[in-house]
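For reference, the structure discussed in these notes is given below.
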Amino acid sequence: MNTQNVNTEQLISQLNNAPLPTDAISAIAALSASKITEPEAISALIQAFSHHHPSVGKAAVEALVKLAPASVEPLIFAFRNSPDQGVQAHIIQALALIGDKRAVDLLAEVVGTEVANHCQGNVRRIAARGLGKIGRTAEQPEIIPYAVEKLTWALLTPEDWGLRYAAAVSLQEIATPAAYAALQASLNQEADKVVRSRITMAAT
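What follows is the structure, given as structure tokens:
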């Protein structure tokens with residue numbers, strides 16, 4: 714009998730049946746520390762996003778970031794198949810922190826989503842920061858212009874000042890001529906003093 718499989722099953726069971734948030738967090742920490750990347754373990758961590766206590770979701774995000782790149786595709790799949798906005802928010806947070814190029818289309822899609830509620834507005838900002846990380850670290854040159862294009866739209870178009878701010882920071886990180894051109898162009902139309910100040914800093 715494979716001892717690691719038994720241990721994985723035990724940890725997953727502990728997580729799924731944890732009576733208290735602290736018990737769930739302990740199980741998540743053990744899964745993360747053991748570097749278990751079996752689909753069942755990653756799935757259990759993603760399911761922990763549904764827990765009623767926010768600290769459990771936060772711990773699951775941290776664990777899934779540590780288990781990357783194995784967690785990237787399951788996270789993308791889970792986003793597409795979850796109707797729960799809270800779960801989706803945790804998924805985007807994890808993918809943004811990981812910064813894997815496979816998530817670029819999903820992050821770009823979330824940035825461009827027209828939303829009405831504040832929670833989803835925050836998710837768009839996180840996605841914009843994720844695009845910045847991907848654009849900054851991408852080894853595939855074709856990904857960078859795509860990220861810059863989406864961030865330029867986020868900087869010039871939405872009414873959400875927080876999204877424009879996040880886009881400015883990300884464009885500064887990418888630091889290509891196109892990114893700087895977008896920052897310079899936005900100075901001509903940005904009315905919010907806080908965002909304008911950040912764009913000025915980024916463009917110099």
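Under the numbering used here, read the sequence shown as residues 714 to 917, first letter to last.
Beta carbons: idealized from backbone N, C-alpha and C, even for Gly.
Values in this document were obtained by computation on a predicted structure and should not be read as measured data.
Going by C-alpha positions, Arg837 is about 22 Å away from Ala916. Per DSSP, Thr750 lies in no alpha helix (DSSP H) segment and is marked neither H nor E.
Counting only the Cα atoms, Arg815 lies some 23 Å from Ala761. When C-alpha distances from Val769 are compared across Ala821, Gly799, Glu786, Ala867, the shortest belongs to Gly799. A buried status is given to Val861, since no fewer than 16 other beta-carbon atoms sit within 10 Å of its beta-carbon.
For Thr913, the enclosing alpha helix (DSSP H) stretches over residues 906-916. In this structure, Ala840 sits near Val823, with a CB-CB distance shorter than 8 Å.
Your pair Ser756 and Pro787 checks out as a contact, with CB atoms roughly 7 Å apart and the cut at 8 Å. With fewer than 16 other beta carbons inside 10 angstroms of its own, Gln853 counts as exposed.
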